[in-house]
Amino acid sequence: MRRDFRPAFGRDSHRERAVAEYLDYHLYPKHFQSANRVNDKERQLAGIDLFATHKDIAGEMKIDEKAATSWAHKKDLQTFAFELQWMLGDEEMGGWFIDKERLKETTHWMCIWPRTAGQPLNLVEDIVRAEAALISVRVLRRWVRKKASNSSAFLEDMIERLRNGIEDELQWAGLRIRISRNLPEKPINLLIPRDVLRVLSEGNHWDL
325 MRRDFRPAFG RDSHRERAVA EYLDYHLYPK HFQSANRVND KERQLAGIDL FATHKDIAGE
385 MKIDEKAATS WAHKKDLQTF AFELQWMLGD EEMGGWFIDK ERLKETTHWM CIWPRTAGQP
445 LNLVEDIVRA EAALISVRVL RRWVRKKASN SSAFLEDMIE RLRNGIEDEL QWAGLRIRIS
505 RNLPEKPINL LIPRDVLRVL SEGNHWDL
């Protein structure tokens, strides 16, 4: 998965490696024509964890794996968090979902909900099952833009309100936007329902 310089790197990297190993055994060999994991940091920073091909999808995909690892032993989440903004010290940084500076080359996100038997996720052996959904970046952003067209509030204003206010969650365009103030990078995420992501995956979701 992507490695970068944010504070979460040390906290999450071993969990990400465990999920990647799980997918390399349970997902890619069984459901994809090819999958080649990326090891160089430059490409990982560009949002590419692996290059892959699938019989139902034209061309080679540049996949960025995103996993809800912190919740693997807790509540089985019915949403997935798409990052809008995070903090590096006192500086506001654009999240990977919006990618305003167009630094990412990602064509697809692989959203993963891993589950353990009750213990925190540390090793690949801890994962007893998982669901994965392959989502086209263009398809999901188009879906969010369509939702936004029905809202009188701008997404940027909602982000600013959460960043500078005391609220932890706001409703926007029928979706939830949440800030995690307890984390060092204080990310603001757009929460998209799991059942919506299954539909947007166009059949490319798997119980593993």
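First residue of the sequence shown: 325, per the numbering used here; consecutive thereafter.
We treat Cβ as the ideally placed atom computed from N, Cα and C, and that holds for glycine.
Alpha carbon to alpha carbon, how far is residue i from residue j?
i: Val452; j: Trp437; result: 11 Å
i: Trp496; j: Leu408; result: 13 Å
i: Arg361; j: Asn488; result: 39 Å
i: Gly480; j: Arg522; result: The sequence shown places Glu at residue 480, not Gly. If I take the Cα positions, the gap works out to 27 Å.
i: Ile483; j: Arg502; result: 9 Å
i: Leu445; j: Lys399; result: 13 Å
i: Tyr349; j: Ala359; result: 11 Å
i: Trp410; j: Asp423; result: 12 Å
i: Leu532; j: Glu491; result: 37 Å
i: Ala472; j: His378; result: 31 Å
i: Trp530; j: Ala342; result: 18 Å
i: Arg505; j: Arg466; result: 29 Å
i: Leu464; j: Glu425; result: 18 Å
i: Asp336; j: Lys354; result: 26 Å
i: Phe478; j: Val468; result: 12 Å
i: Leu412; j: Val520; result: 31 Å
Apart from the five residues on each side of it in sequence, which residues of its chain come closer than 6 Å, Cβ to Cβ, to residue i?
i: Thr430; result: Gly371, Lys386, Asp388 and Val461
i: Pro517; result: Thr403
i: Ala392; result: Leu401 and Trp437
i: Asn528; result: Leu458
i: Lys470; result: none
Please work out which residues of its chain come closer than 7 Å, Cβ to Cβ, to residue i, disregarding the five sequence neighbours upstream and downstream, and give them in chain order.
i: Met325; result: Confidence at Met325 is low in this model, with a pLDDT of 40, below 50, so its placement is unreliable and no value can be given for it.
i: Ser475; result: Trp496 and Ala497
i: Leu494; result: Met482, Arg485, Leu486 and Ile501
i: Phe421; result: Phe406, Glu407, Leu408 and Leu514
i: Gln443; result: His397 and Asp450
i: Ala441; result: Val452
i: His338; result: Asn446
Compare the C-alpha of residue i against each of the options and name the closest.
i: Tyr352; options: Asn474, Pro444 and Ala457; result: Ala457
i: Arg367; options: Leu427, Leu401 and Ala405; result: Leu427
i: Trp433; options: Ala472, Phe406, Asn506 and Leu507; result: Phe406
i: Ile381; options: Lys365, Asp519 and Ile459; result: Ile459
i: Leu447; options: Ser394, Arg505 and Ser504; result: Ser394
i: Asn363; options: Phe375, Ala342 and Asn528; result: Phe375
i: Tyr346; options: Val520, Leu369, Val468 and Arg439; result: Arg439
i: Phe356; options: Gly383, Lys365, Arg469 and His338; result: Gly383
i: Glu415; options: Pro508, Ala477, Glu526 and Val520; result: Pro508
i: Ala454; options: Ala396, Ser337 and Gly413; result: Ala396
i: Cys435; options: His338, Ser525, Ser337 and Asp336; result: Ser525
Just to check my reading of the structure: residue i and residue j have Cβ atoms closer than 8 Å, yes? What is that Cβ distance to the nearest angstrom?
i: Pro511; j: Gly419; result: 7 Å
i: Leu486; j: Leu499; result: About 13 Å separates the two Cβ atoms, so there is no contact after all.
Check the Cβ-Cβ distances between residue i and every residue of chain B, and say whether any is below 9 Å.
i: Ala456; result: Structure shown: chain B not included; a single protein chain is present.
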